[in-house]
Amino acid sequence: MENTTTHSVKVGELDFPPRKVWLKTYGCQMNYHDTERILSHLSGMNFTRTEEQSEADLVIFNTCAVRDLANQKFYSHLGETKKLKTNPDVDPETGLKKNVIVAAGGCIAQTEGKDLISKYKQLDFAFGTDVVDNIGEMVYRAYAGDRKFAVTSWDKSENYSIETKITNGSPMAFVNIIKGCDKFCSYCIVPFTRGREKSRRLAEVVTDVKRLVEYSGVQEVMLLGQNVNSFGKDNGESLGELIMELDKVQGLQRLRYTTSHPYDVTDDLVEAHRNAKKLANHLHLPVQSGSNTVLQRMLREYTIEHYLTLIQKMRAANPEMIISTDIIAGFPNETEEEHQGTMKLLDDAQFDFIYAYTFSPRKGTKAARMNDVLTDDIRGRRLREIQEKQLKIQANIRSQMIGKTYRVLVEEKGLNKGILKWTGRTSCYRLVHFEPETQEKDYLWHWVDVEITSATALSTQGKIIRDLGKNIQ
Ligand code: SF4
39 MENTTTHSVK
49 VGELDFPPRK
59 VWLKTYGCQM
69 NYHDTERILS
79 HLSGMNFTRT
89 EEQSEADLVI
99 FNTCAVRDLA
109 NQKFYSHLGE
119 TKKLKTNPDV
129 DPETGLKKNV
139 IVAAGGCIAQ
149 TEGKDLISKY
159 KQLDFAFGTD
169 VVDNIGEMVY
179 RAYAGDRKFA
189 VTSWDKSENY
199 SIETKITNGS
209 PMAFVNIIKG
219 CDKFCSYCIV
229 PFTRGREKSR
239 RLAEVVTDVK
249 RLVEYSGVQE
259 VMLLGQNVNS
269 FGKDNGESLG
279 ELIMELDKVQ
289 GLQRLRYTTS
299 HPYDVTDDLV
309 EAHRNAKKLA
319 NHLHLPVQSG
329 SNTVLQRMLR
339 EYTIEHYLTL
349 IQKMRAANPE
359 MIISTDIIAG
369 FPNETEEEHQ
379 GTMKLLDDAQ
389 FDFIYAYTFS
399 PRKGTKAARM
409 NDVLTDDIRG
419 RRLREIQEKQ
429 LKIQANIRSQ
439 MIGKTYRVLV
449 EEKGLNKGIL
459 KWTGRTSCYR
469 LVHFEPETQE
479 KDYLWHWVDV
489 EITSATALST
499 QGKIIRDLGK
509 NIQ
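Residue numbers (my numbering): 39 to 511.
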C-alpha cells in the first residue's frame, strides 16, 4: 500500500490530505483478510499504512474474541492509546499527534462496541464484523466531527457478494467464500460475533480468483470461512464442486481452505482431494478432544470414530496428505479418563502439527455457564502432556522428510544464529528453511525445490536444488 502522493483527495464534502493508518490485527486469518479489506478501502481515502503508531493519524484495532491472550493484548494496547489523545499538540520529540482517531473493529467490537465506546474515552468509534466494507463511511464520519459511535449492525441481504481486495503485492491471497457459523459449539463465541452462515455464489468466487490470478499475479489462494465445509449449502452448491472448478483456473498453482468442521466433510470433498491437482496436501481439521463425552458437551456433532474414519478416507484419497488439528485441554469437568482419550487420539491420528490451548470461558457461551471443577494447574498439566507427546510424534513424522525434495513458495528471510536463511512453505504447509546460493540472491515469492537435510519437531532445514523463479505457469 505504497502511496507517495502529496495531494488531497476529495471525498464527499471533505478534503483528505495524505494520512497514515496504523492497524493491529489479532486472531484468525478471517481477521487478517478483513484488515486487507480495510486497507484497500482506506487507500482510496489517501491513507497509507505505517508500522509506527506514533506516526499515525488513524489507529485501528481489529480484535479477536476467541482467544483469551488476544483479548488481553487488545485491552492493554487500547489502554496505551490514551497517551495519543492526551498529547496537547505534535510533540517534537516523540512525534505524537493530537487529533489522532482511534477505532476498534472485529469480534470484540461486534459484541461490546457500545461498552467500549463509553468505557474508553480515547476510542472514537467501534465497528462490527459485518460492516468492514463500510469503513470508509465511518472514517468520513469521524473526520466530519462525529465521534463516539458504534456500528454493529448485521448485513440483512440474502446474498453474500464481495470482491477480494489485496494490497500487499504477494502472490498469496485470502479469498473469503462463506461468512458466519451456524454450529454453536458450546465454547465458541464466533456465531455471536460473525452471525449466521452465508455463502458467496460459486461462479462469483471463480470469477474473483481468475481476476486475482490474471491481474494481480496471485498464484496461491486460501479459501476462507469459519466453517468452510458449509459453503454453498444455502445455494445447492458445495466446497468440493468449487475446488474442482478452481482447479481449472490457468496460472493458479495452489489452493488451500480453512477452517473445516468434521461434521460437514462430504464425500465430494474427499473426491476433490483425490482429483484436484492444485489442492494442497494439507487438511486442517479441528478435533478439539479425543473423548466422545467431551465432544458431546462441546456440541461438536461427531464422534472420534467418525473423525478417524474421515482422516483415513482423506489419506486414502491422497497419500501425501498431512493432517493438523486444534485441541482444547481441560474442557469444563474433563476427567482424567477423558483427557487420556485425547492422548490416545494423538497416537491414532498422527497429526503433523497441532494448535493446543487450555480452555478459557468466553462470556455468553454455554461452556462459560457450566459449573466447572477443574483448576488452572490441572489444565496446564494436561496441556503440557499433550504438547510433549505431540512433539515426539511430530519429530518422528518429520524425520521421514529427510532426503525428499519439496516445492516451496518462499515467504521471507531472516538470520538464524547469524546465518542468512530463506523460509517458505511446502504444499503440506510445513515451513522449510534454506541457505541462499549467494548472499545477494533475492528469493522472495520464488518457487524453489528444496531437498530436506534435517528435520526436528519444529524446524525443517534443506538445501536448494532448483530456483524456478516467480512464475511457474
Ligand atoms: S464450528 Fe464451532 S468452533 Fe468453529 S466457528 Fe463454528 S461454533 Fe466456533
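Think of the CB as a built atom: it goes at the ideal place given N, C-alpha and C, for glycine as much as any other residue.
Tell me the rounded alpha-carbon separation between Lys58 and Ile139.
To locate residue 58, count along the sequence shown from 1; it is residue 20. To locate residue 139, count along the sequence shown from 1; it is residue 101. Their backbone Cα atoms lie some 11 Å apart in a straight line.
Alpha carbon to alpha carbon, how far is Ala103 from Thr132? Give it in angstroms, no decimals.
Here residue 132 refers to the residue found at position 94 of the sequence shown. Here residue 103 refers to the residue found at position 65 of the sequence shown. The predicted model places Thr132 with a pLDDT of 49, which falls under 50 and marks its position as unreliable, so this point remains unresolved.
For Glu450, which of helix, strand or coil comes out of DSSP?
Counted from its first residue, the sequence shown places residue 450 at position 412. Three-state DSSP puts Glu450 in a strand.
Does DSSP put Met260 in a helix, a strand or coil?
For this step, residue 260 is matched to residue 222 along the sequence shown. Met260: strand per DSSP, three-state reduction.
Alpha carbon to alpha carbon, what distance is there between Ala493 and Cys466?
What you label residue 466 is simply residue 428 of the sequence shown in a count that begins at 1. What you label residue 493 is simply residue 455 of the sequence shown in a count that begins at 1. Cys466 and Ala493: Cα-Cα distance of roughly 15 Å.
Does the segment 294-301 come close enough to the segment 260-270 to have 3 or more Cβ pairs within less than 8 Å?
Short answer: they touch.
Going along the chain, which residues of its own chain have a beta-carbon closer than 8 Å to the beta-carbon of Ile155, five neighbours each way excluded?
Your numbering for residue 155 matches position 117 in the sequence shown. Excluding positions up to five away in sequence, the list reads Leu161, Phe163, Ala164, Lys186, Phe187 and Ala188.
By how many angstroms is the C-alpha of Met381 removed from the C-alpha of Gln326?
Here residue 326 is taken as the residue at index 288 of the sequence shown, counted from 1. Here residue 381 is taken as the residue at index 343 of the sequence shown, counted from 1. When rounded, the distance between both Cα atoms is 12 Å.
Could you spell out the range, first to last residue, of the alpha helix (DSSP H) harbouring Arg422?
Here residue 422 refers to the residue found at position 384 when the sequence shown is read from its first residue. Segment Asp414 to Ser437, the alpha helix (DSSP H) holding Arg422.
If you measure from the CB of Phe222, is any heavy atom of the ligand SF4 nearer than 8 Å?
The residue you call residue 222 lines up with position 184 of the sequence shown. Yes, since a heavy atom of the ligand SF4 falls inside the 8 Å radius drawn around the Cβ of Phe222.
Buried or exposed: which applies to Ala182, given that a residue is buried once 16 or more other Cβ atoms fall within 10 Å of its Cβ?
Locating residue 182 in the sequence shown gives position 144, where the first residue counts as 1. Classification of Ala182: exposed, given that the 10 Å Cβ count is below 16.
When you measure from the CB of Gln334 to every non-hydrogen atom of the ligand SF4, does any distance come out below 8 Å?
The sequence position of residue 334 within the sequence shown is 296, counting from 1. Gln334 Cβ: outside cutoff for every heavy atom of the ligand SF4.
Since Phe85 is in the alpha helix (DSSP H), which residue starts that stretch and which ends it?
One-based indexing of the sequence shown puts residue 85 at position 47. Here Phe85 belongs to no alpha helix (DSSP H); instead the beta strand (DSSP E) covers Phe85 to Arg87.
What's the C-alpha gap between Glu449 and Arg463?
As a position in the sequence shown, residue 449 is number 411, starting the count at 1. As a position in the sequence shown, residue 463 is number 425, starting the count at 1. Using only the alpha carbons, I get a separation of about 8 Å.
Does the separation of the CB atoms of Asn319 and Asn267 fall below 9 Å?
For the purposes of this step, residue 319 is taken as the residue at position 281 of the sequence shown. For the purposes of this step, residue 267 is taken as the residue at position 229 of the sequence shown. No.
CB-CB under 8 Å to Gly507, same chain, minus the five flanking residues each way: which ones, in chain order?
Along the sequence shown, one-based indexing puts residue 507 at 469. Hits under 8 Å: His484 and Trp485.
How about the segment 166-175 and the segment 142-154: do they share at least three Cβ pairs that are nearer than 8 Å?
Yes, they touch.
Quick one: give me the first and last residue of the alpha helix (DSSP H) that Met381 is part of.
Stepping through the sequence shown from its first residue, residue 381 is reached at position 343. From DSSP, the alpha helix (DSSP H) with Met381 extends over Glu374 to Ala387.
When DSSP labels each residue in this structure, what does Met68 get in the three-state scheme?
Numbered from 1 along the sequence shown, position 30 holds the residue referred to as residue 68. Helix, per DSSP.
Assign Glu93 to one of three DSSP states: helix, strand, or coil.
Locating residue 93 in the sequence shown gives position 55, where the first residue counts as 1. Note: Glu93 maps to helix in three-state DSSP.
For Cys219, collect the residues of the same chain with a Cβ closer than 7 Å to its Cβ; drop the 5 residues on either side in sequence, then sort them by chain order.
Taking the first residue of the sequence shown as position 1, residue 219 is located at position 181. Only Val228, Pro229, Arg232, Glu235, Gln264 and Asn265 meet the Cβ criterion.
Is it the case that the Cβ atoms of Val518 and Val411 are separated by a distance below 9 Å?
Only positions 39 to 511 of the chain appear in the structure, and residue 518 is not among them; the question remains open.
Taking 9 Å as the threshold (C-beta atoms), are Met352 and Ile361 in contact?
The residue you call residue 361 lines up with position 323 of the sequence shown. The residue you call residue 352 lines up with position 314 of the sequence shown. Going by C-beta atoms, Ile361 is nearer than 9 Å to Met352.
Shorter than 8 Å, the distance from the beta carbon of Tyr225 to the closest heavy atom of the ligand SF4, or not?
Looking up residue 225 in the sequence shown gives position 187. Tyr225 Cβ: within cutoff of the ligand SF4.
Residue range of the alpha helix (DSSP H) that Tyr181 falls in?
Reading the sequence shown from its first residue, position 143 is the one you call residue 181. Ile173 to Tyr181 is the span of the alpha helix (DSSP H), which, as asked, contains Tyr181.
If I measure Cβ to Cβ from Lys501 and keep anything under 8 Å in the same chain, skipping five residues before and after, which residues do I get?
On the sequence shown, residue 501 is found 463 positions in, with the first residue counted as 1. Here the set comprises Phe472, Glu473, Val488, Glu489 and Thr491.
Output the boundary residues of the alpha helix (DSSP H) element that contains Glu150.
The residue labelled residue 150 in the question sits at position 112 within the sequence shown. That run of the alpha helix (DSSP H) goes Gly144 to Lys157.
Does the ligand SF4 have a heavy atom nearer than 8 Å to the CB of Val228?
The residue labelled residue 228 in the question sits at position 190 within the sequence shown. Yes, the beta carbon of Val228 sits closer than 8 Å to at least one heavy atom of the ligand SF4.
Between Asn69 and the ligand SF4, is there a pair consisting of the residue's CB and a ligand heavy atom that are separated by less than 8 Å?
Numbered from its first residue, the sequence shown carries residue 69 at position 31. Because no heavy atom of the ligand SF4 lies under 8 Å away, the Cβ of Asn69 does not count as near it: no.
Report the option in Arg179, Lys217, Ser208 and Val332 whose CA atom is closest to the CA atom of Lys194.
Counting from one through the sequence shown, the residue named residue 194 turns up at place 156. Minimum Cα distance to Lys194 is reached at Lys217.
Figure out for me which residue from Thr245, Leu240, Pro300 and Pro55 has the closest Cα to the Cα of Gly274.
Locating residue 274 in the sequence shown gives position 236, where the first residue counts as 1. Considering only alpha carbons, the answer is Leu240.
Is Asn265 near the ligand SF4 - that is, is its Cβ less than 8 Å away from at least one heavy atom of it?
Sequence index remark: in the sequence shown, residue 265 carries index 227 (1-based). Answer for Asn265: yes, Cβ within range of the ligand SF4.
How should Ala433 be labelled, buried or exposed, when 16 other C-beta atoms within 10 angstroms of its C-beta is the threshold for buried?
Stepping through the sequence shown from its first residue, residue 433 is reached at position 395. Exposed, by the Cβ-count rule.
Could you tell me if the beta carbon of Cys219 falls within a distance shorter than 8 Å of some heavy atom in the ligand SF4?
The count along the sequence shown starts at 1 and reaches residue 219 at position 181. Correct: Cys219 has its Cβ closer than 8 Å to the ligand SF4.
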